[in-house]
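What follows is a set of notes on a single structure, which appears directly below.
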Amino acid sequence: MTPILKTVAILALAAGLAATPAAGEPVLVYSVGGKFDGSFNEAAFRGAERFAADTGEPYRDFEIARDADSLQALRGFAARGAEPVVAIGFNQAAAVAAAAKDYPQTNFSIIDMVVEAPNVRSVVFREHEGSYIAGLLAAMASKTGTIGFVGGMDIPIIRRFLCGYRQGAASVSPDIRVLFNMTGDTPAAFADPARGAELARGQIKRGADVIIQAAGGTGIGVLQAVADAGVLGIGTDSNQNGLHPGHILTSIRKRVDVAVYRNFADTQAGTWSAGLEVLGLAEGGMDWVIDDNNRALVTAQMEAAAGEAAARIADGTITVHDAVSDGECPL
Amino acid sequence: MTAGQLPRWVDYGLMPALNVAAAFLVSGLVVLLIGENPVEAVKVLVWGSLGWNEGIGFTLFYATNFIFTGLAVAIAFHAGLFNIGGEGQAYLGGLGVALACLALDRYVPWWVTLPFAVAGAAAFGAAWAFIPAILQAKRGSHVVITTIMFNFIAASLMVYLLVNLLSKRGSMQPETRTFESGGRLPLLQDVLPGTNFGSAPVNFSFLLALAACLLVWVIVWRTRLGYEIRTFGANPVAAVYAGISPLRITVVTMLMSGGLAGMMAINEIMGSQHRLLIEFVSGYGFVGIAVALMGRAHPVGIVFAAILFGMLYQGGAELAFEMPAITRDMIVVIQGLVILFAGALEHMFRPALLRIFGVLAARPAPAA
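Those protein sequences? They're chains A and B, same order as listed. In case it helps, the working numbering puts the first sequence at residues 1 to 331. In case it helps, the working numbering puts the second sequence at residues 1001 to 1368.
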């Protein structure tokens, strides 16, 4: 370890110490999508910003360009005494596992994946619980009996979201028809609003009158098409109700920001602990938003039904099937 | 390419160096524009990529990928074919490597798995280039169009296979199980005594890449097939007149090209990741085009160009890390400038150099 530490230290000196994070400074390493991806990474960024605003403490962040950068970044930060080192995204799991072994005194955290090590906190979300509520609300709001789903890249996390959505819709009416499309097979599928709009228009033509987007940047096009056609959309990841007021039924949020904030705040308070943290509806890791922009769209009946479903998911009387666990959706 | 009028060292050494210098000069202006010190930035970039063991290791690791994809593009160049499907061919090559490793890793040591993995990588990569090749040779569908379209088909096929068939259940990441020791190449520092690359993933495949360079050189310049490839590339009509089959040359060259691109997966999958995962190619296939252009489609040039791009990748990551004002998008700008000057503006300095060396050569008696 020492030769590496030495080289890193020399490197730090060569580069000028100004850029070096102070010991104990929290850091955030974003996933490949980049800091301003309009969803996942950006939510993490917002959590860190909120921490900085609340406490006045600085933090540092880093965007990796490819997975191979991750290990270097994590180790680089750990070598300079950063605490905690929070990695966003499942693709950094292998790097976190390796870095955590090399720097056992540093606290690491990974979002969206489980890494088992004595100095790693793993935070995973039950996205399917959030999308269950979305499906339930969509089915209740639909007049045609057909609702839609536009996903980004066809990967397990999006399938899990879809499966929860279908279960939620089916809980309202077994006859509900759920149209679903994935945008593509490359990461570009999360950044293609034109195709998102096209897929949404196709679903609207086939009768869908409520469409959820689970497609990052592509979803902006979905919601635009929905608003243009005068039907309803559902936002995800952040509060998108204000994008097209009166046309967004609700937004399902995955609170990556909360996870990041808690990591930073716990470290500052000295209460940080390693282990697995599973955040669903009950833990506030997933939620749905009602504000002035969508107040008129959500009836009291819908709100009560969603609230009841959330409560029953929280106490375990409803279990939402997780499509990632076995690759199947029971519908 | 119209070499010949210029001395070889100018064509292969001075001109690329001038191009890179021009690219760095313009990059320096961009760095200056965002309010950072360009000299400092160059220092971090060079130090980060060549100044310490682990940095060198990462540079060579990236260079290994670029050597394979660069050679793939270069060999097709010699036949006048523009294979821009390295991305998809490498992706499929990964499948070949993974299948070999998954089948054998629990039973045999790595050096037994390796030949099967190499065969798998080359065969799958070549197979992916075969259809565009045959379409070009028989139907005249241009490989530039078909190979790039095959990149998308490869992406869809691999996502389908990884999400539905090959991935472990319960994982968010579409990936196969991790290979056991029989499916892992040793690190370069364990093969070459006396070297130390820290925790960098540079591995045995670097030696394979150098061997591939030698092999390509022998095939292109020392065999009858290579002569036919170069003849066909220089003048397809004359080649036909000389009895060379366009069908055969097109298909064989594209198979070799695809096979070389597929070999990139040995480095990534068997050498570093130890599992097949989506999007592992992440642009190496495309950068291979720039590497081949810059290396003048010659193996030696490609090794140097690959190391330069390895430096840009590794040093660029260091730069983004050390100077937060220089984001990773800035690094892409710098890489783009190098590609622009070395690839697209390849001949920018040629007229001036021709004039200079024309004057110099005119004084002594012109040789040959």
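Virtual Cβ for every residue (Gly too), placed ideally from N, Cα, C.
Please name the residue, chosen from the options, that lies closest to residue i on a Cα-to-Cα basis.
i: ALA306 (chain A); options: A:GLY168, A:TYR103, A:VAL226 and A:ILE176; result: A:GLY168
i: GLY196 (chain A); options: A:VAL32, A:THR186, A:VAL210 and A:GLY216; result: A:GLY216
i: PHE1082 (chain B); options: B:ILE1326, B:THR1250 and B:ARG1350; result: B:THR1250
i: GLU83 (chain A); options: A:ARG206, A:LEU28 and A:ASP54; result: A:LEU28
i: SER1167 (chain B); options: A:PHE161, A:ILE155, A:MET182 and A:TYR165; result: A:ILE155
i: ILE1034 (chain B); options: B:LEU1161, B:GLU1346, B:ILE1339 and B:ASP1329; result: B:ASP1329
i: LEU223 (chain A); options: A:ALA53, A:ALA79, A:PRO193 and A:ASP61; result: A:PRO193
i: LEU1192 (chain B); options: B:ILE1302, B:ASN1151, B:SER1205 and B:GLY1120; result: B:SER1205
i: ALA47 (chain A); options: A:GLY33, A:PRO26, A:ARG66 and A:ALA65; result: As written in the sequence, residue 47 (chain A) is Gly, which differs from the Ala given in the question. Of the candidates A:GLY33, A:PRO26, A:ARG66 and A:ALA65, the one whose C-alpha sits nearest the C-alpha of GLY47 (chain A) is A:PRO26.
i: MET1270 (chain B); options: B:LEU1161, B:ILE1229, B:ARG1177 and B:GLY1170; result: B:ARG1177
i: THR1253 (chain B); options: B:VAL1042, B:ARG1106 and B:GLU1228; result: B:GLU1228
i: ALA1127 (chain B); options: B:PRO1246, B:LEU1102, B:GLY1259 and B:LEU1210; result: B:GLY1259
i: CYS329 (chain A); options: A:GLY164, A:MET113 and A:ARG66; result: A:GLY164
i: HIS247 (chain A); options: A:SER325, A:PHE161, A:ASN263 and A:ASP292; result: A:ASP292
i: ALA1117 (chain B); options: B:TRP1009, B:LEU1102 and B:SER1141; result: B:LEU1102
i: ILE88 (chain A); options: A:GLU42, A:ALA68 and A:ALA311; result: A:GLU42
i: MET1294 (chain B); options: B:GLN1005, B:ARG1008, B:TRP1009 and B:MET1015; result: B:MET1015
i: ALA1344 (chain B); options: B:ASN1019, B:GLN1005, B:VAL1333 and B:GLY1013; result: B:ASN1019
i: LYS35 (chain A); options: A:PRO104, A:THR186, A:HIS321 and A:ALA65; result: A:ALA65
i: ALA282 (chain A); options: A:THR317, A:ASN263, A:PHE264 and A:ARG295; result: A:THR317
i: LEU1135 (chain B); options: B:VAL1108, B:PRO1246 and B:ARG1169; result: B:PRO1246
i: GLY1315 (chain B); options: B:ALA1023, B:GLY1048, B:PHE1152 and B:ARG1296; result: B:GLY1048
Kindly identify the DSSP beta-bridge partner or partners of residue i.
i: PHE77 (chain A); result: Bridge partners of PHE77 (chain A): none, in fact.
i: ASP1011 (chain B); result: According to DSSP, which records beta bridges pairwise, ASP1011 (chain B) is partnered with nothing at all.
i: TYR30 (chain A); result: A:GLU63
i: ARG121 (chain A); result: A:SER109 and A:GLY275
i: PHE149 (chain A); result: A:PHE180 and A:ILE212
i: ARG295 (chain A); result: None; ARG295 (chain A) has no bridge partner.
i: THR319 (chain A); result: None; THR319 (chain A) has no bridge partner.
i: SER251 (chain A); result: A:GLY235
i: ILE88 (chain A); result: A:ILE111
i: ILE288 (chain A); result: Note on residue identity: the sequence assigns Trp, not Ile, to residue 288 (chain A). For TRP288 (chain A), which the question treats as bridged, DSSP gives the partners A:ILE252.
i: LEU1018 (chain B); result: Answer is none; LEU1018 (chain B) lacks a bridge partner.
i: LEU1277 (chain B); result: B:GLU1175
i: ALA1187 (chain B); result: Checking the sequence shown, residue 1187 (chain B) turns out to be Leu, not Ala. Per DSSP, B:ASN1203.
Pull up the CB-CB distance for residue i and residue j, whole angstroms please, since I reckon it's below 8 Å.
i: GLY366 (chain A); j: LEU279 (chain A); result: What the structure shows of chain A is the stretch from 1 to 331, and residue 366 (chain A) is not part of that stretch, so it cannot be assessed.
i: ARG121 (chain A); j: SER109 (chain A); result: 4 Å
i: GLU993 (chain B); j: ALA1325 (chain B); result: Since the displayed chain B opens at 1001 and closes at 1368, residue 993 (chain B) lies outside it and no answer follows.
i: PHE1179 (chain B); j: HIS1274 (chain B); result: 5 Å
i: ALA1074 (chain B); j: ILE1302 (chain B); result: 6 Å
i: THR144 (chain A); j: ASP209 (chain A); result: 5 Å
i: GLY207 (chain A); j: THR267 (chain A); result: Rounded, the Cβ-Cβ distance is 51 Å, inconsistent with contact.
i: ILE212 (chain A); j: ILE234 (chain A); result: 4 Å
i: THR106 (chain A); j: ALA78 (chain A); result: 4 Å
i: ASP69 (chain A); j: ALA1290 (chain B); result: Actually they do not touch by this definition, with Cβ atoms about 20 Å apart.
Within 6 Å: the Cβ of residue i and any heavy atom of the ligand FAD?
i: PHE1077 (chain B); result: Judged by which ligands are present, the structure shown has none, so any question about the ligand FAD falls away.
The segment 1228–1235 of chain B contacting the segment 1094–1112 of chain B, beta-carbon criterion three pairs below 8 Å: no
Stretch pair the segment 174–182 of chain A + the segment 241–257 of chain A: three plus CB contacts closer than 8 Å: Contact between the segment 174–182 of chain A and the segment 241–257 of chain A is absent, with fewer than three C-beta pairs closer than 8 Å.
Residues of the segment 1232–1265 of chain B whose Cβ lies closer than 9 Å to any Cβ of chain A, in chain order: Those would be none; no residue qualifies.
Cβ pair count under 8 Å reaching 3, the segment 1023–1037 of chain B against the segment 1270–1281 of chain B: no
Residues, ordered as in the chain, of the segment 55–79 of chain A that lie near chain B by beta-carbon distance below 9 Å: ARG60, ASP61, PHE62, GLU63, ILE64, ALA65, ARG66, ASP67, ALA68, ASP69, LEU71, GLN72, ALA73, ARG75, GLY76 and PHE77
Near-chain A residues of the segment 1163–1184 of chain B (beta-carbon distance less than 9 Å), N- to C-terminal order: VAL1163, ASN1164, SER1167, ARG1169, GLY1170, SER1171, MET1172, GLN1173, PRO1174 and THR1178
Interface positions of the segment 89–112 of chain A facing chain B (Cβ-Cβ less than 8 Å), listed along the chain: Listed by position, the residues of the segment 89–112 of chain A near chain B (Cβ gap below 8 Å) are PHE90, ASN91, ALA93, ALA94, ALA98, ASP102 and ASP112.
At least three beta-carbon pairs within less than 8 Å, the segment 1255–1271 of chain B to the segment 1063–1074 of chain B: yes
Interfacial residues, the segment 149–172 of chain A to chain B, with Cβ spacing under 7 Å: For the segment 149–172 of chain A, which is checked against every Cβ of chain B, the residues closer than 7 Å are ASP154, ILE155, PRO156 and ILE157.
contact_flag[the segment 1206–1226 of chain B, the segment 88–106 of chain A] where n(CB pairs < 8 Å) is 3 or more: As far as the Cβ criterion goes, the segment 1206–1226 of chain B does not touch the segment 88–106 of chain A, which means the pair count is below three.
Contact list for the segment 117–130 of chain A against chain B, Cβ threshold 9 Å: Here the close residues are VAL124.
At least three beta-carbon pairs within less than 8 Å, the segment 1296–1311 of chain B to the segment 1054–1062 of chain B: yes
The segment 110–129 of chain A touching the segment 138–152 of chain A, judged by at least three CB pairs closer than 8 Å: no
Three-pair Cβ contact test at 8 Å for the segment 305–324 of chain A versus the segment 252–266 of chain A: no
Within 7 Å of chain B by C-beta, residues of the segment 183–197 of chain A in sequence order: The segment 183–197 of chain A vs chain B, Cβ under 7 Å: ASP185, THR186 and PRO187.
Members of the segment 1329–1344 of chain B that neighbour chain A once the beta carbon cut-off is set at 9 Å: For the segment 1329–1344 of chain B, the set of residues with a beta-carbon nearer than 9 Å to any beta-carbon of chain A comprises ASP1329, ILE1331 and VAL1332, in chain order.
Members of the segment 301–331 of chain A that neighbour chain B once the beta carbon cut-off is set at 8 Å: VAL324, SER325, ASP326 and GLY327
Segment contact, 8 Å Cβ cut-off, at least three pairs: the segment 134–141 of chain A with the segment 1144–1154 of chain B: no
Residues, ordered as in the chain, of the segment 1141–1155 of chain B that lie near chain A by beta-carbon distance below 8 Å: PHE1152 and ALA1155
Near-chain A residues of the segment 1289–1318 of chain B (beta-carbon distance less than 7 Å), N- to C-terminal order: Per Cβ criterion, the list reads ALA1317.
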